[in-house]
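In UniProt numbering, the protein residues as written are 1 to 214. Idealized CB from N, CA, C, for every residue including glycine. Taking it in order: structure first as structure tokens, then the write-up.
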Amino acid sequence: MSFRYALKGFIDYPERYTHDVIFYDSDVVIVRDKFPKSQGHLLVMPRDSDITDLDPTLIDNKIKSKLQPAIDRALDVIYKEFHERYGLKESSRKKPFLTNAEYENKQYFIDNFTQVGIHGAPSMNNLHVHIMTRDFKSPSLKNKKHFNSFTTEFFVNWVKLPLNQKPDETFLEKIVIKQTEMKCVYCGQNFKNRFSELKLHLDREFTMRFENRN
């Protein structure tokens, strides 16, 4: 089976993937991304055959309403799991976290350190929504394309849907992904095309802010 259909098994037979699937019912599946680009990275996928094959950039308000409860559930899971694993270091005084109270506040965490959206030029056929933390600390984050696909206009934020018009996929893939310079999501430092330096910097920024609770 082509990689473009790699999500189809989760949609058709979620009960077979107990390690990856964290919730499913007749309408949706919530699954852990196989190659997460952050410490928290989940996918919400509709199971309706009329929706799953739809281009995600064509999501309308009716589909958004249908998927919103699952997205809220996924955000709850990400908040719970991240806070169970990591505490905010007392020495951290840099944005997006200023105080422990703000860090422990679920709505503050969701508003400032998570993102929900779709890719303007999806590489997989079954419609899926990304729900993830914005730390970008992961061994699966391996190159500029990985980073830019979640930090540029290539990533369409959930609140911007529905779109007035379909994005230009050629522009997104050949210009946005390849030519946009990379900037740290924590401090804004511009690393231009130096992904290896950015990767080390992101790891340092994460370690400076968070400590493992375990």
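- Residues 35, 36, 37 of the same chain have their beta carbon placed closer than 7 Å to that of residue 140, with the five preceding and five following residues left out of the count.
- Looking at 168, 126, 79, the one whose alpha-carbon comes closest to that of residue 134 is 79.
- CA-to-CA, the gap between residue 213 and residue 104 works out to about 14 Å.
- In the DSSP assignment, residue 125 forms no beta bridge with any residue.
- With contacts defined by Cβ atoms closer than 8 Å, residue 117 and residue 158 form a contacting pair.
- For residue 197, the closest C-alpha among the options 74, 126, 9, 183 is that of 183.
- DSSP places residue 180 in the coil class of the three-state scheme, outside both helix and strand.
- The continuous beta strand (DSSP E) containing residue 117 extends over residues 114–119.
- DSSP places residue 42 inside the beta strand (DSSP E), whose first and last residues are 41–46.
- Shortest Cα-Cα distance from residue 25 to any of 122, 15, 150 involves 15.
- Non-local C-beta neighbours of residue 173 in its own chain, meaning closer than 6 Å and more than five positions away in sequence, comprise 121, ordered along the chain.
- In this structure, residue 4 lies away from residue 138, with their beta-carbon atoms at least 8 Å apart.
- Per the C-alpha coordinates, the member of 130, 31, 8, 148 positioned closest to residue 19 is 31.
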